[in-house]
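Trainee: This structure is in structure tokens; I'll ask about it shortly.
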Amino acid sequence: MKLHPTLYHANTSWQASEFTASVPLTFSGVVDAALYHLTTLWLFTKSDFMTTMIPISIFAIVAAPLTSIHNLPHLVFWLWVHLLGFNTSNQTASLEDETNKPDRPLPSGRITLSSAIILRWTLMPICWALSLAYSKEAMFSSMALSLFTTLYNECRGSGAHFVTRYALNGLGFAAFEAGTTFVAKDDKSCLDNAGWLAIFLSASIFATTIFAQDFRDVVGDKLINRDTIPLRFGNPSRTFLLAGVVAWSIGLSCIWEIDRYSAVAFTMLGSYAGARFVRYTTIEEDRKSYFYYNIWVSVAHILPGYWRLFCAT
């Protein structure tokens, strides 16, 4: 979706360019400017730490598996830079932030739309080069993520049809997870069968249940005519989500061969997270329910580690 720069607060006194120009070229001024720009980058990704950074970091640690603590900062940095790349693309291609998330850099006026677009396309080759420094397989994951990001945002795949939206969500998460998992390994050029299975299952979970995030955003999504499951199907979609989360809880418990008591606890967690969406239907409660959904996703990402620890021979 193409936007006009005037859709954001382009005349605010706190644009990055004006901030930089107003600060004297002293050491403290340089530090202040650097902190300002770093904060702007942080704000592009702040809202996705619980939904992306934590679950995928956990996933990579157990799917790789992580055998050296020295790889941990590398996987976290790789993931954050790529999340920044995705979010700058997403936040320059959508109107919803003015309604749903006004504290983000564009609607709050910290950066102009034109500057954000330059940042978005500059980050793409930076991500590829960073990935190539680890392995060509990590670079292929980065390039795949760039493709899915462009299809999702600039090519309007996020709103054209709900099937396309959620399929691209699943593929995008698969690319995130593959790249992060490669970086987490000592041998950054290959994954075993369990690692690939974990990526496939995780991508499938996201493709079929990630519409949990859309209940809290229905106002902004309706404003831009985005086709989401909550808007298309209304309240019945809440029951769909509950059924999907419970089904995945049972299925993953069987696939990863977790013990009976852990399986019951995991299924109860999923049932609680899903049931909250059915029982509580306000925007504020949907935000809380989405928090519990992400806890469930994070636990689901630990299950391959359980299998490696107790079941793999």
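Everything in the sequence shown is counted per the numbering used here, starting at -10 for the first residue and increasing by one. From the three backbone atoms N, C-alpha and C, an ideal C-beta is built for every residue, glycine too. Being a predicted model, the structure only gives us computed values, none of them experimental.
#1: Could you tell me whether the segment 244 to 258 touches the segment 201 to 212, where touching means 3 or more Cβ pairs closer than 8 Å?
#2: Thinking just about the alpha-carbon of each residue, which of Ile50, Ser226, Ala163 is nearest to the one in Val172?
#3: Between Ala(-1) and Trp110, what straight-line distance do the alpha-carbon atoms span, to the nearest angstrom?
#4: How many angstroms separate the CA atom of Leu121 from the CA atom of Met128?
#5: Kindly indicate the opening and closing residues of the alpha helix (DSSP H) around Arg227.
#6: Please classify Gly98: does DSSP put it in a helix, a strand, or coil?
#7: Report the rounded CA-to-CA distance for Asp303 versus Gly159, giving the unit in angstroms.
#8: Do Ser124 and Ser178 have their C-beta atoms within less than 8 Å of each other?
#9: On a CA-only basis, which of Ala301, Val286, Cys300, Ser36 is nearest Phe48? Give me that one, please.
#10: Is it right to say Phe16 is buried, meaning 16 or more other beta carbons lie within 10 angstroms of its own, or is it exposed?
#11: Between which residues of its own chain and Ala167 is the CB-CB distance below 6 Å, once the five residues before and five after are set aside?
#12: Three-state secondary structure (DSSP) at Lys125?
#13: Kindly indicate which three-state DSSP category Thr143 falls into: helix, strand or coil?
#14: In terms of residues, what are the limits of the alpha helix (DSSP H) holding Leu14?
#15: Pick from Thr29, Val19, Trp31, Met39: whose alpha carbon is nearest that of Arg276?
#16: Look at Leu55 and Leu61 and say whether their C-beta atoms are less than 8 Å apart.
#17: Using DSSP with H/G/I as helix, E/B as strand and the rest coil, what is Glu7?
#18: Hey, how far is the Cα of Leu95 from the Cα of Asn79?
#19: The alpha helix (DSSP H) spanning Met39 covers which residue range?
#20: Which runs of the beta strand (DSSP E) fall wholly inside the segment 173 to 197 and span at least 3 residues, in chain order?
#21: Between Arg227, Phe229, Asp203, Ala236, which has its C-alpha nearest Thr217's C-alpha?
#22: Does at least one heavy atom of the ligand FMN sit under 7 Å from the Cβ of Arg109?
#23: Could you compute how far the alpha carbon of Ala252 sits from the alpha carbon of Ser226?
#24: Does the Cβ of Val234 have 16 or more other Cβ atoms within 10 Å, making it buried, or fewer, making it exposed?
#25: Quick check on Gly184: buried or exposed, where buried means 16 or more other Cβ atoms within 10 Å of its Cβ?
Mentor: Quick answer:
#1: no
#2: Translated into positions along the sequence shown, residue 172 becomes position 183. For Val172, the closest C-alpha among the options Ile50, Ser226, Ala163 is that of Ile50.
#3: Position 10 of the sequence shown holds residue -1. Position 121 of the sequence shown holds residue 110. Here the model assigns Ala(-1) a pLDDT of 39, short of 50, so the residue's position is not dependable and the matter cannot be decided.
#4: Sequence index remark: in the sequence shown, residue 121 carries index 132 (1-based). Sequence index remark: in the sequence shown, residue 128 carries index 139 (1-based). Computed Cα separation, rounded: 5 Å.
#5: Stepping through the sequence shown from its first residue, residue 227 is reached at position 238. 225 to 244 is the extent of the alpha helix (DSSP H) around Arg227.
#6: Stepping through the sequence shown from its first residue, residue 98 is reached at position 109. Of the three classes helix, strand and coil, the one that applies to Gly98 here is coil, per DSSP.
#7: There is no way to answer for residue 303, as the model of the chain reaches only from -10 to 302.
#8: For this step, residue 124 is matched to residue 135 along the sequence shown. For this step, residue 178 is matched to residue 189 along the sequence shown. Against a cut-off of 8 Å, the Cβ pair of Ser178 and Ser124 comes out as a contact.
#9: The residue labelled residue 48 in the question sits at position 59 within the sequence shown. Selected option, being the one with the closest Cα: Val286.
#10: In the sequence shown, the residue the question calls residue 16 occupies position 27. Burial call: exposed.
#11: The count along the sequence shown starts at 1 and reaches residue 167 at position 178. Excluding residues within five positions, the ones whose Cβ falls inside 6 Å are Ser130, Ile188.
#12: Mapped onto the sequence shown, residue 125 falls at position 136. Here Lys125 sits in helix by DSSP.
#13: On the sequence shown, residue 143 is found 154 positions in, with the first residue counted as 1. Reading off the sequence, residue 143 comes out as Glu, not Thr. Here Glu143 carries a coil assignment [DSSP, helix/strand/coil].
#14: Counting from 1 along the sequence shown, the entry for residue 14 is found at position 25. Premise fails: Leu14 is in no alpha helix (DSSP H) and is neither H nor E.
#15: Stepping through the sequence shown from its first residue, residue 276 is reached at position 287. The candidate whose alpha carbon is nearest that of Arg276 is Met39.
#16: Here residue 55 refers to the residue found at position 66 of the sequence shown. Here residue 61 refers to the residue found at position 72 of the sequence shown. Yes, these two residues count as a Cβ contact at 8 Å.
#17: In the sequence shown, counting from the first residue as 1, residue 7 sits at position 18. Confidence at Glu7 is low in this model, with a pLDDT of 44, below 50, so the placement of that residue should be treated as unreliable; the coordinate-derived value is given next. Helix.
#18: Reading the sequence shown from its first residue, position 106 is the one you call residue 95. Reading the sequence shown from its first residue, position 90 is the one you call residue 79. Near 11 Å, if we compare the C-alpha coordinates of Asn79 and Leu95.
#19: Counting from one through the sequence shown, the residue named residue 39 turns up at place 50. It is not in any alpha helix (DSSP H) - Met39 carries neither H nor E in the DSSP assignment.
#20: none
#21: Along the sequence shown, read from residue 1 onward, the residue named residue 217 stands at position 228. Nearest of Arg227, Phe229, Asp203, Ala236 to Thr217, Cα basis: Asp203.
#22: Ligands in the displayed structure: none, and consequently the ligand FMN is not present.
#23: Position 263 of the sequence shown, counting from 1, holds the residue named residue 252. Position 237 of the sequence shown, counting from 1, holds the residue named residue 226. Rounded to the nearest angstrom, the two C-alpha atoms are 25 Å apart.
#24: The residue you call residue 234 lines up with position 245 of the sequence shown. With 16 or more other Cβ atoms within 10 Å, it is buried.
#25: Within the sequence shown, numbered from 1, the residue matching residue 184 stands at position 195. With 16 or more Cβ atoms within 10 Å of its Cβ, Gly184 is classed as buried.
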